[in-house]
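Asks: Encoded as structure tokens, here's the structure I'll be asking about.
2 protein chains.
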Amino acid sequence: MLKLSKKADYGLMALKYLAEHPEILALSAKDIADAYGIPAQLLAKILQQLTKSGLLRSHAGMNGGYALAKEARQISAYEVIHAIDGPFFITSCTKGAKGCDLTPSCTIKEPLARVNDTIAGVLKSISIQDLAEQEHPAPSQTLVTLTL
Amino acid sequence: MLKLSKKADYGLMALKYLAEHPEILALSAKDIADAYGIPAQLLAKILQQLTKSGLLRSHAGMNGGYALAKEARQISAYEVIHAIDGPFFITSCTKGAKGCDLTPSCTIKEPLARVNDTIAGVLKSISIQDLAEQEHPAPSQTLVTLTL
DNA sequence: TGAATACGGACTGAACAAGTCGGATATTTA
DNA sequence: TAAATATCCGACTTGTTCAGTCCGTATTCA
């Protein structure tokens, strides 16, 4: 069904939330989880992953928590999704590692790889800041090229 | 991980195969399955779904099988995927039916809905014919606009 | 020292995908 | 008519992944 995992959703929501509250030095996983009504322990793990990937900075102890490691403008939706769900491929047979086990069959996957790149490009063009600004509609356009 | 189901892959492969053999009036599920080394019974179900969706015509009995219901140029990858996997949404909370159960939280999903539309646009711009022609590279470009 | 926090492994339950099985119906051919 | 080849369709199994929980450890601050 081509959909994002809930973890990725939560991750994006959390980063958006952090981007919207730059004045607070660090927000705990619980703070953010409560704000959105999502499971705190689950969100905690997601934030840990984002920290390991270098998108967040963490600080343990009282008054600890998480903060953006970069400016919101410099974090793309792609990075977040990639950090949480790993590399995504629209085709089942990735072609990268060893590729299809189906004989020469999968001539389908080459054009779909282009589609994959296009989607990745779209997600790379969206920053956390874009998400945070969503309230006041400042419509911006992005052109994406699909070369088949 | 944002990936297509194997069923959708199989469906696209089968349609491509049919588009490549227009001279044959009808190909059975088994014929196509054998050509690609995929499970015949599974492919059969997929082809039945595509028939119900109006993308294929079927004919039972000896020398029966499936044929494209429209010209390959007029069948998009989107239609195929949609027929097999149903409507896809990149966001977990679809917003369509009732939407998010998470309070007002999911401000994330509006921009992602645009991404969703963009992806759908890309897939709609690719026809089965495009896939079938893939061998002799006749590169064509498609411009897609993402309005955030 | 104790509370609050990040960190991280192991586990459970539910959902889903992939594939199989078995049988019913339709059509053609011998 | 009978057999062979097909589509058609529901139920089932199996394996994997996702979402979420539990629990213990390490870190920081008051």
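Chains as they are written, first to last, in my numbering: chain A, 204 to 351; chain B, 204 to 351. For glycine and all other residues, C-beta sits at the position ideal for the given N, C-alpha and C.
1) Quick check on Leu-218 (chain B) - is its C-beta less than 7 Å from some C-beta in chain A?
2) Run through chain B and tell me which residues come within less than 8 Å of Pro-242 (chain A), C-beta to C-beta.
3) Measuring straight from C-alpha to C-alpha, what distance separates Gly-324 (chain B) and Val-347 (chain B)?
4) Taking all protein chains shown into account, do 16 or more other C-beta atoms lie within 10 angstroms of the C-beta of Gly-302 (chain A), making it buried, or fewer, making it exposed?
5) Classify Asn-266 (chain B) as buried or exposed, calling it buried when 16 or more other Cβ atoms lie within 10 Å of its own Cβ.
6) Enumerate in chain order the residues of its own chain whose CB-to-CB distance from Ser-328 (chain A) is below 8 Å, with the five nearest sequence positions on each side excluded.
7) So what's Gly-268 (chain B) in DSSP terms, helix, strand or just coil?
8) Is any beta-carbon of chain A found at less than 7 Å from that of Thr-350 (chain B)?
9) Give the straight-line distance between the Cα atoms of Thr-356 (chain A) and Ala-316 (chain A), rounded to the nearest whole angstrom.
10) Could you name the residues of the same chain whose beta carbon sits closer than 8 Å to that of Leu-326 (chain A), not counting the 5 residues immediately before and after it, in chain order?
11) Express the C-alpha separation of Leu-228 (chain A) and Asp-212 (chain B) in angstroms, rounding to a whole number.
12) Residues in its own chain within less than 8 Å of Leu-349 (chain B) by CB, not counting five upstream and five downstream?
13) Do you know how far the Cα of Leu-245 (chain A) is from the Cα of Gly-214 (chain A)?
14) Looking only at its own chain, which residues have a Cβ that is under 7 Å from the Cβ of Tyr-220 (chain B), when we skip the five neighbours before and after it?
15) Excluding sequence positions up to five away, which residues of its chain have a Cβ less than 6 Å from the Cβ of Gly-299 (chain A)?
16) Below 8 Å on the Cβ atoms is my guess for Ala-232 (chain B) versus Leu-258 (chain B); work out the distance and round it to an integer in Å.
17) Using only alpha-carbon positions, find the residue among B:Leu-334, B:Glu-313, B:Phe-291, B:Lys-312 that is nearest to Ser-208 (chain B).
18) Specify the secondary structure class of Leu-346 (chain A) as computed by DSSP and reduced to three states.
19) Which value, in whole angstroms, describes the spacing of the CA atoms of Leu-334 (chain A) and Ala-286 (chain A)?
20) Can you tell which of B:Glu-274, B:Ala-243, B:Tyr-269 has the C-alpha that lies nearest to the C-alpha of Ser-330 (chain B)?
21) Does His-169 (chain A) come out as helix, strand or coil in the three-state DSSP assignment?
22) When the Cα of Ala-222 (chain B) is compared with those of B:Leu-351, B:Pro-314, B:Gly-289, B:Ala-270, which residue comes out closest?
Replies: In this structure, then:
1) no
2) Listed along the chain, the chain B residues whose CB falls inside 8 Å of the CB of Pro-242 (chain A) amount to none; the nearest CB is some 11 Å away.
3) Gly-324 (chain B) and Val-347 (chain B): Cα-Cα distance of roughly 7 Å.
4) For Gly-302 (chain A), the predicted model reports a pLDDT of 48, less than 50, meaning its position is unreliable; a value from the coordinates is still stated below. The residue is exposed, with fewer than 16 neighbouring Cβ atoms inside 10 Å.
5) exposed
6) Answer for Ser-328 (chain A): Ser-279, Thr-345, Val-347, listed in chain order.
7) strand
8) yes
9) In the structure as shown, chain A starts at 204 and stops at 351, and residue 356 (chain A) therefore has no counterpart that could be examined.
10) Ser-279, Ala-280, Tyr-281, Ile-284
11) Their backbone Cα atoms lie some 47 Å apart in a straight line.
12) Arg-317, Val-318, Thr-321
13) Gly-214 (chain A) and Leu-245 (chain A): Cα-Cα distance of roughly 10 Å.
14) Ile-235, Ala-238
15) With a pLDDT of only 39 at Gly-299 (chain A), under 50, the local geometry of the prediction cannot be trusted, and no value is derived from it.
16) The beta carbons of Ala-232 (chain B) and Leu-258 (chain B) sit about 14 Å from each other, so the pair does not count as a contact at 8 Å.
17) B:Phe-291
18) strand
19) 18 Å
20) B:Glu-274
21) Residue 169 (chain A) cannot be examined here, being either before or after the span of chain A that is shown, 204 to 351.
22) B:Ala-270
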